[in-house]
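Scroll down for the structure; my scribbles are underneath it.
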Amino acid sequence: MLSASIKSKSILLVDDEKDIREVLELALVDAGYEVQLAENGQQALDYFRKNRPSIVITDIKMPVMDGIQLLRKIKLEAPETEVVMITGHGDMDLAIRSLKYEATDFITKPIHVDALEVALKRVGDKILMRRKLEEYTANLERLLKEKSELQDHLSSLGLMIGSISHGIKGLLTGLDGGMYLLESGLSKKDEGKITKGWETIKIIVDRIRKMVLDILYYAKKRDLQWEKVDVACFAREVSVMVAAKVEILPITLTCDVDETLGEFKIDPGYIHAALMNIFDNAIDACQRGSDSIQHELNFSVQGRDDKIIFSVSDTGVGMDQETQSKLFTIFFSSKGRKGTGLGLFIANKIVEQHGGCIDVRSKPGKGSCFTITIPKQGS
Ligand SMILES: Nc1ncnc2c1ncn2[C@@H]1O[C@H](COP(=O)(O)OP(=O)(O)OP(=O)(O)O)[C@@H](O)[C@H]1O
Ligand SMILES: [Mg+2]
-19 MLSASIKSKS ILLVDDEKDI REVLELALVD AGYEVQLAEN GQQALDYFRK
31 NRPSIVITDI KMPVMDGIQL LRKIKLEAPE TEVVMITGHG DMDLAIRSLK
81 YEATDFITKP IHVDALEVAL KRVGDKILMR RKLEEYTANL ERLLKEKSEL
131 QDHLSSLGLM IGSISHGIKG LLTGLDGGMY LLESGLSKKD EGKITKGWET
181 IKIIVDRIRK MVLDILYYAK KRDLQWEKVD VACFAREVSV MVAAKVEILP
231 ITLTCDVDET LGEFKIDPGY IHAALMNIFD NAIDACQRGS DSIQHELNFS
281 VQGRDDKIIF SVSDTGVGMD QETQSKLFTI FFSSKGRKGT GLGLFIANKI
331 VEQHGGCIDV RSKPGKGSCF TITIPKQGS
């Protein structure tokens, strides 16, 4: 008895001789295949186009459209279809031609069940092999993608470790300086030195905190914790923190907050961190700018359409075009040991995650203005 090597497969059987169709259909159904019948190539092609059976067994010599024509059309439209040809005795030329057109196998009339079984076994093996190959290819593609993502991550981690070690070395030097001032102030009971030393230590601790938060954000991406927040309240909290930062610096902070903006949906922790990164840069820019003037830092919060617009402007060093074009690139910094170049990269990512954007206007020597637009309803 014939045994189906790939059960539940449908076969389209094409032969113009009724007797052959009937005998083969019986054997195939018996072996567990689902069988459809056609009398010639054209009828078979119509059925094939609608139902796409995975196996076709076809006679070669038939009226209307012969088996070779049918084979060529099927292979053109669905090359993965397995086609077994039935040839008459002595039709070796036709059989060889059909193999050239990629028939899977051929069986000769009169048909022996054994020969049919061998042909169907070959068909089954081919289908299984192709499936395995498709699986391997898909796996390989996935592995290659994962490998390249891992490589990217490793190389940016390498860069980050380098840049951070560099930054920490600078911060430690600053901390040493602060501690020295504090110690010598304490031993000499010099108020001035004590205050200066203590302020230096506070600034450096603040920088270390920011650096660690940035690294944490970069190393482990978390989903946003959406909350409805009162815009004016949120803006006030930010401005209090900024005011504390500039208190002892020659920088005047002005705030212009529209009190009627209502609520917006954000992750307050993240938006706070993004704004602080922008303020830290603005304060740095003022300190790096001309020291003959009292610098100005302005924070404005307004609404337009369904958006909240935060503007942070400073009268600091400003930026040339080249710096502006690299601003949001990871690890881009012009501050040497004092910067890791993560600040704006992260601020931009956070704002993008909220469906917003950051725009920058700046002039060297004059100052910069960062505009952060956030949709009121979240992204
Ligand atoms: N307000 C500004 N005025 C002038 N230059 C700025 C301003 N904001 C950013 N920059 C420039 O953009 C660069 C990148 O800023 P970013 O915050 O990403 O890194 P950073 O401040 O150097 O380091 P950190 O990771 O510690 O924040 C800065 O080094 C600076 O050159
Ligand atoms: Mg920064």
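Counted the way my numbering counts, the sequence shown spans residues -19 to 359. The beta carbon of each residue, even a glycine, is placed where N, CA and C say it ideally should be.
Tell me the rounded alpha-carbon separation between residue i and residue j.
i: Gln282; j: Thr295; result: 21 Å
i: Leu137; j: Thr240; result: 44 Å
i: Lys318; j: Phe308; result: 17 Å
i: Ile326; j: Ile246; result: 16 Å
i: Asp260; j: Leu229; result: 13 Å
i: Lys173; j: Glu276; result: 27 Å
i: Thr234; j: Arg268; result: 20 Å
i: Leu96; j: Ser135; result: 58 Å
i: Leu100; j: Leu50; result: 19 Å
i: Ile354; j: Gly336; result: 5 Å
i: Lys112; j: Glu121; result: 14 Å
i: Asn328; j: Leu56; result: 50 Å
i: Ile310; j: Ala262; result: 18 Å
i: Lys125; j: Glu114; result: 17 Å
i: Gly68; j: Ile54; result: 21 Å
i: Val93; j: Val3; result: 10 Å
i: Gln304; j: Lys168; result: 47 Å
i: Ile251; j: Asp210; result: 13 Å
i: Gln205; j: Leu130; result: 27 Å
i: Lys1; j: Leu74; result: Looking at the sequence provided, one finds Arg at residue 1 rather than Lys. Their Cα atoms are separated by approximately 21 Å.
i: Gln357; j: Lys287; result: 8 Å
i: Asp156; j: Met191; result: 18 Å
i: Asp300; j: Thr117; result: 49 Å
Within the same chain, show all residues whose beta-carbon is closer than 8 Å to that of residue i, passing over the 5 residues directly before and after it, in chain order.
i: Glu361; result: Summary: the structure shown does not reach residue 361, with the chain confined to residues -19 through 359, and so no result is reported for it.
i: Ser(-10); result: Tyr13, Glu14, Val15, Gln16, Asn31, Pro33, Ser34, Ile35
i: Lys207; result: Reading the sequence as shown, one finds Glu at residue 207 and not Lys. So the qualifying residues of the chain are Lys245, Ile246, Asp247, Pro248.
i: Arg23; result: It should be pointed out that residue 23 corresponds to Gln in this sequence rather than to Arg. Same-chain partners within the cutoff: Val(-6), Val44.
Spatial neighbours of residue i within its chain, please: CB distance less than 6 Å, with the 5 preceding and 5 following residues excluded, ordered by chain position.
i: Gly177; result: Gly158, Leu161, Leu162, Gly165
i: Ile181; result: Gly158
i: Ser280; result: Asp236, Ser291
i: Lys343; result: Gly298
i: Asp194; result: Leu322, Ile326
Would you list the residues sitting across from residue i in a DSSP beta bridge?
i: Met65; result: Thr38, Phe86
i: Ile76; result: Paired residue(s): none; Ile76 is not in a bridge.
i: Leu360; result: Absent from the model: residue 360. The displayed extent of the chain is -19 to 359, so no value can be given.
i: Val340; result: Phe350
i: Ile(-9); result: Val15, Ile35
i: Pro355; result: Lys287
Which same chain residues, not among the five before or five after residue i, have their C-beta less than 7 Å away from its C-beta?
i: Glu62; result: Ser34, Ile35, Thr84, Val103, Lys106, Ile107
Can you list, in chain order, the stretches of the beta strand (DSSP E) that have 3 or more residues and sit fully within the segment 248 to 328? 275 to 284, 287 to 294
The segment 239 to 257 contacting the segment 217 to 228, beta-carbon criterion three pairs below 8 Å: yes
Taking three-plus beta-carbon pairs below 8 Å as touching, is the segment 141 to 150 in contact with the segment 319 to 332? yes
Quick check: the segment 19 to 30 against the segment 72 to 81, are there 3 or more CB pairs under 8 Å? no
Whole runs of the beta strand (DSSP E) within the segment 5 to 46, excluding any shorter than 3 residues: 14 to 18, 35 to 39
Alpha helix (DSSP H) runs wholly inside the segment 166 to 249, at least 4 long, in chain order: 171 to 199, 211 to 226
Touch check for the segment 225 to 241 and the segment 189 to 203: three-plus C-beta pairs under 8 Å? no
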